[in-house]
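**Student:** With the working numbering, you'll find the sequence shown wraps up at 311, consecutive numbering, no jumps.
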Amino acid sequence: MKAFIIRRFLGIIPTLLIIITVSFFIIRLAPGSPFTREKDLPPSVRQNLEEKYGLDKPIGIQYLRYLGGIIRGDLGISMQYVDREVSYFIINSLPTSLLLATLALTLALLLGLSGGVISALRQNTWLDYLIMSGSVIGISIPLFVIGPILMYVFAIKLGWLPTSGWIGGRTGNAAVILPVITLSFPYIANIARLTRASVLEVIHSDYVRTAYAKGLSQLRIILVHVLRGAITPVVSYLGPIFAGVITFSVVVESIFRVPGLGVFFIQSSFNRDYTFIMGMVITYSIILVLMNFLVDILYVVIDPRTLKKKT
């Protein structure tokens, strides 16, 4: 087990190096620059700016310098927000994005697992059809459509919830509800469908029939025997789910004006702020790689038999 964890953790380093390298050259080779304006800057001013940020050097030298800064924990200075380090914005906005993603993932797991189990236990009944129909709708409608619909109904028409803001603002904790529901919506549907299929497979197995023959209560059988076997595919799906939650949080944060990383990510893309974009890419990549690492460990803890397959 220890060797497996060490090997998986060491595998994070080349993965991040590849991501940083590919992202760096794609961003640098894209048309335009951070100093491209509707009205061209005087050549002398443009030259001074390029010297200040090291853009006058060959791209290979720029890459090595940037990589050296990353190793030292320095993400560089923003090219648009004067004299502001990229790490300053990340440190101040990352907790908000992580809280939004965590709440959305928690809600998706609670409702998705519950819906999937109920649907499986009531197979081919109206309740099963209702839950699965809702799952199809959740998967089919994109977040940038779900968000405005929920905002229109619950914020504008009914006036129950605020249209924007976050915890600590004038709207209070209620501002969390719409962004979290919007972000979790498609993942509730995916988890419910996956859980239903897994429970249907496990519930007809021999050891579950034996548990029923022993006279155990249905609640105990579902919680102790069925879910333990059925939850494994869901755990393996947690990595992609969290990747989706983190990625699409950019969209949700923009819709509901949540002060997270998403706002800065979009703005830095429009501004062609090289160091800011790279800082965002590295931050998101570290989160996703670490999440996949934790999912691999959790998968082995739940089902130790998979350790032999992975090794």
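All C-beta atoms in this analysis are idealised placements derived from N, C-alpha and C, irrespective of residue type, glycine included.
Would the beta-carbon of Pro179 fall within 8 Å of that of Phe256?
**Tutor:** On the sequence shown, position 179 is the one that residue 179 refers to. On the sequence shown, position 256 is the one that residue 256 refers to. Yes, these two residues count as a Cβ contact at 8 Å.
**Student:** Check whether the Cβ atoms of Val226 and Ile191 lie closer than 8 Å to each other.
**Tutor:** Position 226 of the sequence shown, counted from the start, is the residue given in the question as residue 226. Position 191 of the sequence shown, counted from the start, is the residue given in the question as residue 191. No, these two residues do not count as a Cβ contact at 8 Å.
**Student:** Consult DSSP for Ile70 and reduce its assignment to one of helix, strand or coil.
**Tutor:** Your numbering for residue 70 matches position 70 in the sequence shown. Of the three classes helix, strand and coil, the one that applies to Ile70 here is helix, per DSSP.
**Student:** By DSSP, does Ile297 sit in helix, in strand, or in coil?
**Tutor:** If you number the sequence shown from 1, residue 297 lands on position 297. Of the three classes helix, strand and coil, the one that applies to Ile297 here is helix, per DSSP.
**Student:** For Ile77, does the three-state DSSP call read helix, strand or coil?
**Tutor:** As a first step, residue 77 is located in the sequence shown; it is residue number 77 there, counting from the start. It is a strand residue.
**Student:** Could you tell me whether the region 179 to 188 touches the region 143 to 153, using the rule of 3 or more Cβ pairs below 8 Å?
**Tutor:** Result yes; three or more Cβ-Cβ pairs closer than 8 Å.
**Student:** According to DSSP, which residues form a beta bridge with Gly85?
**Tutor:** Locating residue 85 in the sequence shown gives position 85, where the first residue counts as 1. Just to set this straight, residue 85 is Glu in the shown sequence, not Gly. DSSP, once it has assigned bridges, lists Ile77 as partnering Glu85.
**Student:** Taking the straight line between their C-alpha atoms, what separation do you get for Pro162 and Phe154?
**Tutor:** As a first step, residue 162 is located in the sequence shown; it is residue number 162 there, counting from the start. As a first step, residue 154 is located in the sequence shown; it is residue number 154 there, counting from the start. About 8 Å.
**Student:** I'd like to check one pair, Ala120 with Leu55: are the Cβ atoms closer than 8 Å?
**Tutor:** Stepping through the sequence shown from its first residue, residue 55 is reached at position 55. Stepping through the sequence shown from its first residue, residue 120 is reached at position 120. The answer is no: Cβ separation not under 8 Å.
**Student:** Are three or more beta carbon pairs between the region 264 to 278 and the region 214 to 222 nearer than 8 Å?
**Tutor:** no
**Student:** Starting from the Cα of Leu288, find the closest Cα among Ser269, Phe270, Phe242 and give me that residue.
**Tutor:** Along the sequence shown, one-based indexing puts residue 288 at 288. Of Ser269, Phe270, Phe242, the residue nearest in Cα terms is Phe242.
**Student:** Can you give the beta carbon distance from Asp83 to Ile77, rounded, assuming they're within the 8 Å contact cut?
**Tutor:** Locating residue 83 in the sequence shown gives position 83, counting from the first residue. Locating residue 77 in the sequence shown gives position 77, counting from the first residue. That pair is a contact at about 7 Å.
**Student:** At what residue ranges does the region 198 to 264 contain a whole run of the alpha helix (DSSP H), taking only runs of 4 or more?
**Tutor:** 206 to 213, 227 to 236, 238 to 256
**Student:** Would you grab the beta carbon distance between Phe24 and Met280 for me? Rounded to a whole angstrom, and I think it's under 8 Å.
**Tutor:** Residue numbering aside, residue 24 sits at position 24 when the sequence shown is read from its first letter. Residue numbering aside, residue 280 sits at position 280 when the sequence shown is read from its first letter. Taking the Cβ atoms as the reference, Phe24 lies roughly 13 Å from Met280, outside the contact range of under 8 Å.
**Student:** State the CB to CB distance for the pair Ala101 and Ile246, rounded to an integer number of angstroms; the pair is presumed to be in contact (CB under 8 Å).
**Tutor:** In the sequence shown, the residue the question calls residue 101 occupies position 101. In the sequence shown, the residue the question calls residue 246 occupies position 246. Indeed they touch by this definition, with Cβ atoms about 5 Å apart.
**Student:** From Thr21 to Leu75, what distance separates their C-alpha atoms?
**Tutor:** Your numbering for residue 21 matches position 21 in the sequence shown. Your numbering for residue 75 matches position 75 in the sequence shown. Computed Cα separation, rounded: 14 Å.
**Student:** Quick check on the burial criterion: 16 or more other C-beta atoms within 10 angstroms. Buried or exposed for Ala230?
**Tutor:** In the sequence shown, counting from the first residue as 1, residue 230 sits at position 230. Label assigned to Ala230: buried.
**Student:** What residue does the alpha helix (DSSP H) around Met132 start on, and which one ends it?
**Tutor:** Numbered from its first residue, the sequence shown carries residue 132 at position 132. 126 to 140 is the extent of the alpha helix (DSSP H) around Met132.
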